[in-house]
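**Student:**
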Amino acid sequence: NNFTSKILNDFSKLSLVAWLDLSNNRFDGQISSSLENFKKLDSLTLSFNNFSGKIPDGFFKITQLTCLDLSNNRFDSQILDGFFNLTQLTILDLSNNRFDGQNLDDFFNLTQLTLLNLSNNILIGLLPCQINRLSGLTTLLLSNNQLIGHIPSQISRLSGLNDLDLSHNLLNGTIPSSLFSMPSLQALLLHNNLLYGQISPFLCNSLQYIDFSHNRLYGQIPPSVFKLEDLAEVLRILDLSNNGFSGFIPQCLGNFSDGLLVLHLGANNLHGNIPSIYSEGNDLRYLNFNGNQLKGLKVVILRSNKLRGSLKGPTVKDSFSKLQIFDLSNNSLSGPLPTEYFNNFKAMMSIDQDMDYMRTKNVSTTYVYSVQLAWKGSKTLFPKIQIALTTLDLSCNKFTGKIPESLGKLKSLKQLNLSHNSLIGCIQPSMGNLTNLEWLDLSSNLLAGRIPQELVDLTFLQVLNLSYNQLEGPIPQGKQFNTFENGSYEGNLGLCGFPLQVKCNKGEGQQPPPSNFEKQGSMFEEGFGWKAVTMGYGCGFVFGVSIGYVVFRARKAAWFVKMVEDSAHQYGKRLRRKNAPRNGGTQGGVRR
């Protein structure tokens, strides 16, 4: 509502009221001292107003209160000793005010409390060791203050505690190992403090939310975090980012593939491989491994995860330099293709025909990679991945813009799938450098222009799909292009030539491939002259004629005979058509 402070004084006449909620109004100024007349008041909620100043002494005479909520106001006084009198309180919420003070002991003498929320104030000092007196506490929220010192281990005696938030303070020291065995704890938030040391093994299997980010923790992440079967079923958010954790990323992260929503391990010193944590139907919403030592990363598969937004450039030099399999297909990613990443894919730029398999060797075991990929149009399980296998799949997204020329540097690619996006512009001639390519799918985009003649050089190409674009002009001929069928080109109304039945017009014939002079530039400027070239051609001509004479004397080359006969036959047909009108339309052949 929009009630103002004028109405508040009138409530003092209702002395038998047991429950009073004035939240979400525009009350301001100090709390009226007349509230002490509410002798039967059990619950008082004044949250989300503009109350300010100090709490009047008479307020603490309402000793029968069990619930007090003064949150989200502008109280700016010191915490008073008077709270000690409110011994019946089970819920106390003073959050989001400007309370200050050092003595928190009185709060921890309120032994009936089940919820204590003092977050977002200006409280300073140590956490009292007698915190364990609040044996019935289920929620303790002290974040965004200026608390110092160690976390008292006595907190672990609060066997019914569900939520503990000590984040955004100045707490230091190590995390008490006893916190990791609290039987009912569901949320443990210690982020943005000065905590250091290693994490003890987890024995608590009820945690749903763990956030230790922005501290000074180090050592390995305990495998027990991921191996507890019950914990794997309930954990939803895990944030250990911005610490000094080191060692391998635990492969047992796969145990969390169904329920995990957020996984943030960024800004640590982790290395190794990102484990397979993406089962079908998972709920993962946020994944961040940035700022780790993942230069050896070889496989990234994030397909079918409903990811959205554009791909920003890498922030770490030489990131993904070892990457060989990159699959972001079937998401909702948008913006231009990630050219900056392509420039970092060094392993895709060097042709490696090593037939060995990808693996990780530890002291006692060897982990051999396996993966399921969309391979040449169908899902294929690779129980082992050959080192020479390289694939880039960005299909079924919302990428826009042109195909970058730098894509032609990825010479070891065996599979490239950019289909079902909104890419425009031409097919880059530089893609003719992808000489290892076996499958190329650019279908269902908005690509225009001609199919580059350079693609004829892709002699290993088995599957080509350029369908449903806006391509035009003659289809290149020769080599693998003579094996592709109509389906490779359908939906491009401007294309002509084999294998389509649409013939090309005169003057629209196939463009010859660029000569070596065009590809290499003017090499004559670098020391070669026309004189040397002329001498070379002259010597070659004499030598060729001599050898040809000897060969034809011995036996005519079959291919040469066939070529001459075909040429003569074609010439005869043209001559007959040309002379037909002169002969009165007769079909008798050429008049002699």
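The opening position of the sequence shown corresponds to residue 114 in my numbering, with each subsequent residue numbered one higher.
Just so you know, even glycine gets a beta-carbon here, dropped at the ideal spot from N, CA and C.
Please read these numbers as outputs of a predicted model, since none were measured by experiment.
From L502, M295, N599, pick the residue whose C-alpha is nearest to that of W552; which is it?
**Tutor:** As a position in the sequence shown, residue 552 is number 439, starting the count at 1. Closest by alpha carbon: L502.
**Student:** If we require 3 or more residues per run, which beta strand (DSSP E) segments fall completely within the region 571-617?
**Tutor:** 576-578, 583-587, 607-609
**Student:** Work out the CA separation of S556 and E585 for me, nearest whole Å.
**Tutor:** Residue numbering aside, residue 585 sits at position 472 when the sequence shown is read from its first letter. Residue numbering aside, residue 556 sits at position 443 when the sequence shown is read from its first letter. Roughly 14 Å between the two C-alpha positions.
**Student:** Find the nearest neighbour of N258 within the set L247, D278, L250, judged by alpha-carbon distance.
**Tutor:** The residue you call residue 258 lines up with position 145 of the sequence shown. Of the candidates L247, D278, L250, the one whose C-alpha sits nearest the C-alpha of N258 is D278.
**Student:** Could you give the DSSP three-state label for G538: helix, strand or coil?
**Tutor:** Within the sequence shown, the letter at position 425 stands for residue 538. In the structure shown, G538 adopts coil according to DSSP, grouped into three states.
**Student:** Give the C-beta separation of N558 and N582 to the nearest angstrom, bearing in mind that I take them to be a contact with Cβ-Cβ under 8 Å.
**Tutor:** For the purposes of this step, residue 558 is taken as the residue at position 445 of the sequence shown. For the purposes of this step, residue 582 is taken as the residue at position 469 of the sequence shown. Confirmed, about 5 Å.
**Student:** Identify which residue in N222, T251, P241, L157 has its Cα closest to the Cα of L207.
**Tutor:** On the sequence shown, position 94 is the one that residue 207 refers to. Of N222, T251, P241, L157, the residue nearest in Cα terms is L157.
**Student:** Is F188 near N222, with beta carbons less than 8 Å apart?
**Tutor:** For the purposes of this step, residue 188 is taken as residue 75 along the sequence shown, with counting starting at 1. For the purposes of this step, residue 222 is taken as residue 109 along the sequence shown, with counting starting at 1. It is not a contact, given that the beta carbons lie outside the stated cut-off.
**Student:** So is R416 buried or exposed if we call it buried at 16+ other beta carbons inside 10 Å?
**Tutor:** Taking the first residue of the sequence shown as 1, we reach residue 416 at position 303. Label assigned to R416: buried.
**Student:** Could you tell me whether the region 242-255 touches the region 288-295, using the rule of 3 or more Cβ pairs below 8 Å?
**Tutor:** No, they do not touch.
**Student:** Can the beta-carbon of R211 be found closer than 8 Å to that of N230?
**Tutor:** Here the question's residue 211 lines up with position 98 in the sequence shown. Here the question's residue 230 lines up with position 117 in the sequence shown. No; because the gap between Cβ atoms is not below 8 Å, this pair is not in contact.
**Student:** Curious, which full-length beta strand (DSSP E) runs of at least 3 residues does the region 242-296 contain?
**Tutor:** 252-254, 259-262, 276-278, 283-286, all fully within the region 242-296.
**Student:** Name the DSSP beta bridge partners of S508, please?
**Tutor:** On the sequence shown, residue 508 is found 395 positions in, with the first residue counted as 1. Bridge pairing for S508: absent [DSSP].
**Student:** Taking 8 Å as the cut-off, does the region 314-322 touch the region 344-352 (at least 3 CB pairs, one atom from each stretch)?
**Tutor:** yes
**Student:** Look at the alpha carbon of P451 and the alpha carbon of P265, and state the distance between them as a whole number of angstroms.
**Tutor:** Residue mapping note: residue 451 aligns to position 338 of the sequence shown, counting from 1. Residue mapping note: residue 265 aligns to position 152 of the sequence shown, counting from 1. Answer to the nearest angstrom: the Cα atoms are 49 Å apart.
**Student:** Would you identify the three-state DSSP class for E130, choosing helix, strand or coil?
**Tutor:** What you label residue 130 is simply residue 17 of the sequence shown in a count that begins at 1. The displayed chain sequence assigns Val, not Glu, to residue 130. Of the three classes helix, strand and coil, the one that applies to V130 here is coil, per DSSP.
**Student:** Below 8 Å on the Cβ atoms is my guess for I175 versus F151; work out the distance and round it to an integer in Å.
**Tutor:** By one-based count along the sequence shown, residue 175 stands at place 62. By one-based count along the sequence shown, residue 151 stands at place 38. About 6 Å separates the two Cβ atoms, so the contact holds.
**Student:** Looking at C-alpha atoms only, which residue of L271, I350, H304, S269 is the closest neighbour of S280?
**Tutor:** Here residue 280 refers to the residue found at position 167 when the sequence shown is read from its first residue. Comparing alpha-carbon positions, the option among L271, I350, H304, S269 lying closest to S280 turns out to be H304.
**Student:** Between the beta-carbon of P517 and the beta-carbon of F455, is there less than 8 Å?
**Tutor:** Here residue 517 corresponds to residue number 404 of the sequence shown, with the count starting at 1. Here residue 455 corresponds to residue number 342 of the sequence shown, with the count starting at 1. Cβ distance < 8 Å, so P517 and F455 count as in contact.
**Student:** Decide if E567 is buried, meaning its Cβ has at least 16 other Cβ atoms within 10 Å, or exposed.
**Tutor:** Taking the first residue of the sequence shown as position 1, residue 567 is located at position 454. Buried is the call here.
**Student:** DSSP has C180 in a bridge; who is on the other side?
**Tutor:** Numbered from 1 along the sequence shown, position 67 holds the residue referred to as residue 180. DSSP output for C180 lists S156, I204 as bridge partner(s).
**Student:** Among G273, L133, N282, whose alpha-carbon lies nearest the alpha-carbon of E149?
**Tutor:** Numbered from 1 along the sequence shown, position 36 holds the residue referred to as residue 149. Between E149 and the set G273, L133, N282, the nearest pair of CA atoms involves L133.
**Student:** Using 8 Å for Cβ pairs, my map puts L550 next to L536. What's the rounded Cβ distance?
**Tutor:** Within the sequence shown, residue 550 is the residue found at index 437, counting from 1. Within the sequence shown, residue 536 is the residue found at index 423, counting from 1. Their Cβ separation, rounded to whole angstroms, is 17 Å, which puts L550 and L536 out of contact at 8 Å.
**Student:** Let me know if S160 comes out buried or exposed under the rule of 16 or more other beta-carbons within 10 Å of its beta-carbon.
**Tutor:** For this step, residue 160 is matched to residue 47 along the sequence shown. With 16 or more other CB atoms across the displayed protein chains lying within 10 angstroms of its CB, S160 is buried.
**Student:** Could you check whether N578 and D554 sit closer than 8 Å to each other, using their CB atoms as the reference points?
**Tutor:** For this step, residue 554 is matched to residue 441 along the sequence shown. For this step, residue 578 is matched to residue 465 along the sequence shown. A contact, by the Cβ cut-off of 8 Å.
**Student:** Helix, strand or coil, according to DSSP, for F358 in the structure here?
**Tutor:** Indexing the sequence shown from 1 puts residue 358 at position 245. Reduced to three states, the DSSP call for F358 is strand.
**Student:** Indicate the three-state DSSP secondary structure (helix, strand or coil) for N546 in the structure shown.
**Tutor:** As a first step, residue 546 must be located in the sequence shown, where it is residue number 433. Residue state, collapsed to three classes: helix.
**Student:** Could you check whether F512 and L420 sit closer than 8 Å to each other, using their CB atoms as the reference points?
**Tutor:** As a position in the sequence shown, residue 420 is number 307, starting the count at 1. As a position in the sequence shown, residue 512 is number 399, starting the count at 1. It is not a contact, given that the beta carbons lie outside the stated cut-off.
**Student:** Of the residues F573, V576, G545, L574, which one's Cα is nearest the Cα of P565?
**Tutor:** Here the question's residue 565 lines up with position 452 in the sequence shown. The residue with the shortest Cα to Cα distance from P565 is G545.
**Student:** Provide the residue span of the alpha helix (DSSP H) that contains F455, from first to last.
**Tutor:** As a position in the sequence shown, residue 455 is number 342, starting the count at 1. From DSSP, the alpha helix (DSSP H) with F455 extends over 452-457.
**Student:** Quick check: what's the CA-CA separation for L308 versus N138?
**Tutor:** Position 195 of the sequence shown, counted from the first residue, corresponds to residue 308. Position 25 of the sequence shown, counted from the first residue, corresponds to residue 138. Between L308 and N138, the C-alpha separation is close to 40 Å.
**Student:** Considering P314, what are the terminal residues of the beta strand (DSSP E) in which it resides?
**Tutor:** Taking the sequence shown and counting its residues from 1, the one referred to as residue 314 is at position 201. That residue, P314, is in no beta strand (DSSP E); it is neither H nor E in DSSP.
**Student:** By DSSP's criteria, N706 is part of a beta bridge. Which residues make up the other side?
**Tutor:** Here the chain has residues from 114 to 705 only, and residue 706 is not among them.
**Student:** Does the Cβ of Q746 have 16 or more other Cβ atoms within 10 Å, making it buried, or fewer, making it exposed?
**Tutor:** Here the chain has residues from 114 to 705 only, and residue 746 is not among them.
**Student:** Applying the criterion that 16 or more other CB atoms from any shown protein chain within 10 Å of the CB defines a buried residue, is N382 buried or exposed?
**Tutor:** The residue labelled residue 382 in the question sits at position 269 within the sequence shown. Classification for N382: exposed.
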